[in-house]
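Working notes, structure below.
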Amino acid sequence: MPLVGKAIIEINTWHHENPRRMITRSYWYLCKSGWVGVSAMWIGVYLVTETVSWQWWFVGILGANANIVHQWAHKFPNEKPAFVNWLQKIGVIQRPHDHAQHHTKPETRSYCTYTPWLNPMLDRIGFWFGIERFFATFGIYTTDRID
Ligand SMILES: [Zn+2]
525 MPLVGKAIIE INTWHHENPR RMITRSYWYL CKSGWVGVSA MWIGVYLVTE TVSWQWWFVG
585 ILGANANIVH QWAHKFPNEK PAFVNWLQKI GVIQRPHDHA QHHTKPETRS YCTYTPWLNP
645 MLDRIGFWFG IERFFATFGI YTTDRID
């Protein structure tokens with residue numbers, strides 16, 4: 525699936541080969557697929573409910589910018605705003621240390637790049653493997669762990 529591969533899978537692949545390369549990419553490069561997904565979500569919500577509440581807007585804006593939070597986890601403290609360092613310090617968003625678990629071989633843990641709170645539970649229930657298996661049923665392989 526070329527569109528998905530180019531927009532989502534390719535970013536994940538190259539950033540595992542060289543995690544610091546993540547900080548060289550533009551906002552649009554990192555977030556375009558998020559905005560596409562969020563826009564589809566907002567349209568779906570509107571079609572079902574005939575409105576889009578502020579909670580959907582809020583979650584969508586956070587979701588569309590997930591790769592920026594991810595990018596901050598790859599930056600050194602002097603490369604990001606002070607408020608970002610503070611949010612990481614108090615554990616609201618992922619610290620580099622938290623995200624390092626995701627980049628530790630075999631790179632099968634801690635996929636959530638937003639917050640360190642969810643990963644222990646998501647890893648325990650095999651959530652991300654389930655997502656990978658779901659996409660594999662449509663011939664979309666996000667990893668070589670699934671045949
Ligand atoms: Zn990363």
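Quick note: to get the numbering used here, add 524 to the position in the sequence shown (first position is 1). Just so it is clear, CB atoms sit at the ideal spot from N, CA and C, and this is done for glycine as well. Being a predicted model, the structure only gives us computed values, none of them experimental.
Check: Apart from the five residues on each side of it in sequence, which residues of its chain come closer than 6 Å, Cβ to Cβ, to S634?
Finding: Contacts found: Q625, H626, N643.
Item checked: Endpoints, the alpha helix (DSSP H) within which Q595 is located -> Segment 590-597, the alpha helix (DSSP H) holding Q595.
Next item on the list: Report the option in H594, V572, Y665, I649 whose CA atom is closest to the CA atom of R544.
Entry: For R544, the nearest C-alpha among the options comes from H594.
Next item on the list: Check whether the Cβ atoms of W580 and W596 sit closer than 8 Å, and answer yes or no.
Entry: At least 8 Å separates the beta-carbon of W580 from that of W596.
Next item on the list: Determine, using beta carbons only, whether K599 comes closer than 8 Å to chain B.
Entry: Among the protein chains of the structure shown there is no chain B, as only one such chain exists.
Check: What first and last residue would you give for the alpha helix (DSSP H) that runs through W641?
Finding: Here W641 belongs to no alpha helix (DSSP H), and DSSP marks it neither H nor E.
Next item on the list: Could you tell me whether the Cβ atoms of V576 and V583 are closer together than 8 Å?
Entry: No Cβ-Cβ contact shorter than 8 Å links V576 with V583.
Notebook entry, point to check: Can you tell me where the alpha helix (DSSP H) with C555 in it begins and where it stops?
Noted result: Where C555 is concerned, the enclosing alpha helix (DSSP H) stretches over 551-573.
Next item on the list: Go to N609, then tell me how far its alpha helix (DSSP H) extends in each direction, as first and last residue.
Entry: Annotation: the continuous alpha helix (DSSP H) that includes N609 extends over 606-613.
Check: Should W559 and A588 be called a contact, given that it needs their Cβ atoms to be closer than 8 Å?
Finding: For W559 and A588, yes; Cβs fall inside 8 Å.
Notebook entry, point to check: What's the call for S563, buried or exposed, on a 16-neighbour Cβ count within 10 Å?
Noted result: Taking all protein chains shown into account, S563 has fewer than 16 neighbouring C-beta atoms within 10 Å of its C-beta and is therefore exposed.
Notebook entry, point to check: How would you label S557, buried or exposed, when you count the other beta carbons within 10 angstroms and need 16 or more for buried?
Noted result: Its Cβ being crowded by 16 or more others within 10 Å, S557 is buried.
Check: Span of the alpha helix (DSSP H) holding I655?
Finding: Where I655 is concerned, the enclosing alpha helix (DSSP H) stretches over 651-660.
Check: Cβ of A590 versus every heavy atom of ligand 1: is any distance shorter than 7 Å?
Finding: No heavy atom of ligand 1 is found nearer than 7 Å to the CB of A590.
Notebook entry, point to check: Do Q618 and P601 come within 8 Å of each other at the CB atom, strictly closer than that value?
Noted result: Result no, Cβ atoms of P601 and Q618 do not sit closer than 8 Å.
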